[in-house]
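First comes the structure, then the notes that go with it.
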Amino acid sequence: MLIKRRRGWELPESAATPEPIYHGRRRFLRSAAAGSVLVGAGGLLAACDEPAQADGSGLNEGPGALQMAQAASDDPSAQLYPVPRNEAFVLDREITEERLAITYNNFYEFGSSKNIWQRAQDLPIRPWTISLTGEVEQPQQLAIDDLLAKVDLEERLYRHRCVEAWAMAVPWAGFPMRQLVEIAKPLSSAKYVKMVTFMDPDVASGQRSSWYPWPYVEGLTIEEATNELAFMGTGLYGKPMPKQNGSPLRLVVPWKYGFKSIKSIVSFEFTRERPVSFWEEIQGNEYGFWANVNPEVPHPRWSQATEELLGVDERVPTLLYNGYGEWVADLYEGKDQTSRTLWM
Ligand SMILES: Nc1nc2c(c(=O)[nH]1)N[C@H]1C(S)=C(S)[C@@H](COP(=O)(O)O)O[C@H]1N2
Ligand SMILES: [Mo]
Numbered sequence: 007m008l009i010k011r012r013r014g015w016e017l018p019e020s021a022a023t024p025e026p027i028y029h030g031r032r033r034f035l036r037s038a039a040a041g042s043v044l045v046g047a048g049g050l051l052a053a054c055d056e057p058a059q060a061d062g063s064g065l066n067e068g069p070g071a072l073q074m075a076q077a078a079s080d081d082p083s084a085q086l087y088p089v090p091r092n093e094a095f096v097l098d099r100e101i102t103e104e105r106l107a108i109t110y111n112n113f114y115e116f117g118s119s120k121n122i123w124q125r126a127q128d129l130p131i132r133p134w135t136i137s138l139t140g141e142v143e144q145p146q147q148l149a150i151d152d153l154l155a156k157v158d159l160e161e162r163l164y165r166h167r168c169v170e171a172w173a174m175a176v177p178w179a180g181f182p183m184r185q186l187v188e189i190a191k192p193l194s195s196a197k198y199v200k201m202v203t204f205m206d207p208d209v210a211s212g213q214r215s216s217w218y219p220w221p222y223v224e225g226l227t228i229e230e231a232t233n234e235l236a237f238m239g240t241g242l243y244g245k246p247m248p249k250q251n252g253s254p255l256r257l258v259v260p261w262k263y264g265f266k267s268i269k270s271i272v273s274f275e276f277t278r279e280r281p282v283s284f285w286e287e288i289q290g291n292e293y294g295f296w297a298n299v300n301p302e303v304p305h306p307r308w309s310q311a312t313e314e315l316l317g318v319d320e321r322v323p324t325l326l327y328n329g330y331g332e333w334v335a336d337l338y339e340g341k342d343q344t345s346r347t348l349w350m
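Residues in the sequence shown are numbered consecutively from 7, following this note's numbering.
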């Protein structure tokens, strides 16, 4: 018998009626001009900040801008794309326009504005070596192209929800993170995987700001990393990953706020202890380790109840686990659901 399971985000039409809020471009430009730099209580730059007005302000609309923002055709992995789509992952919304997803980015290594895509073009993505270390059978160093040859690439349509309350839906290419864990062969003592972004202040001007705890670090439990939804992104819109979106290898964990999806990874370390992530170290009471999306738990400075779709002048309700509870809710069943730390 065929049972149609209702996905978390398949809301009745009435529940999905957007708030009648219209964000005019002018209002957006004003808030952009006001700057995205806030000084936190401790004098630290409290970033990953400000609920965004997400209408794609980062776009350079000059001729050829879209092509310049896409991965270069001389990317050595270009011939691998496009890859077959895994139809198990369906969207409740339109796919975000490519030019918005690749020109409106968070990548603090290249600056704290959304408009970093041009600066990110300076990132050299070959040679690119990934280390698999820590509690593993045998530490390994793997060139990205050797890794790409060992895995099964597929395309997945996923929603993405930034903690700043903007959202998009994009076709990632990549492979299940479980395959990477299998290649690494962690020991039973490994409870977490700590991921680290490249460190190169010569090309990434943001890394010259010493008030950030560079390099960018993120972490997952092994159970999270081997969940079916956890994905390693290597491409976008049927092409290799643009540098600004985290080429050549990034994490994609759509049930968590966007900052968990660490870009341009060079290291996976399997650990016994829970790693401290980049934003957790900066502002642990606002950006925690778990960071599971929950509309009912507000950020200390704004509501998480709704989100603004990139390029669309409407807000839609945010859903528990960003609508992916069917895949991941059981990961957190034993945990105290009333604890704020699960949701931020
Ligand atoms: N290394 C690194 N990874 C990062 C970030 C960052 O600043 N540095 N920003 C995060 C945040 S806050 C978001 S919302 C997503 C944005 O991904 P996108 O630019 O592909 O939309 O990347 C995440 N990964
Ligand atoms: Mo984000």
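All C-beta atoms, glycine included, are put in the ideal place defined by N, C-alpha and C.
Remember, predicted model here, so these are calculated numbers, not experimental data.
Between ligand 2 and Asn-112, a heavy atom-to-CB distance of less than 8 Å is present.
In terms of Cα proximity to Gly-317, the closest of Met-174, Asn-121, Ile-228 is Met-174.
Note on geometry: alpha-carbon atoms of Pro-304 and Phe-116 lie some 28 Å from one another.
Taking the Cα positions, Ser-267 is about 18 Å away from Gly-212.
Annotation: Gln-147 to Thr-135 spans about 6 Å, alpha carbon to alpha carbon.
Rounded to whole angstroms, the separation of the alpha carbons of Ala-107 and Glu-287 is 27 Å. A straight-line Cα-Cα distance of about 12 Å links Ser-273 and Ala-149. Along the length of the stretch 60-144, whole alpha helix (DSSP H) runs at least 4 residues long occupy 71-75, 104-107, 123-126, reported in chain order.
Proximity of the beta carbon of Phe-295 to ligand 2 is not indicated: no heavy atom of the ligand is located closer than 8 Å.
In this structure, Asn-251 sits near Lys-269, with a CB-CB distance shorter than 9 Å. Within the stretch 260-293, the complete alpha helix (DSSP H) segments at least 4 residues long are 284-289, listed from N- to C-terminus. Taking Glu-229 as the centre and dropping the five residues before and after it, the same chain places the C-beta of Leu-337 closer than 8 Å to its C-beta, in chain order. The C-alpha of Asn-111 lies about 18 Å from the C-alpha of Ala-179. Put simply, of Leu-226, Lys-200, Ala-190, Arg-162 the residue whose alpha carbon is nearest the alpha carbon of Ile-101 is Arg-162. Look at Glu-170: its beta carbon is less than 8 Å from one of the heavy atoms in ligand 2. The alpha-carbon separation between Ser-216 and Trp-123 amounts to approximately 22 Å.
Annotated three-state conformation of Thr-240 is strand, per DSSP. When the beta-carbon positions are compared, Ala-231 and Arg-184 come within less than 9 Å of each other. Looking at the DSSP output, Thr-227 shares a beta bridge with Tyr-198. Here Leu-326 has Asn-300 as same chain residues with Cβ atoms under 6 Å from its own Cβ, once five neighbours each way along the sequence are excluded.
By DSSP's assignment, Glu-314 forms a beta bridge with Trp-172, Arg-321.
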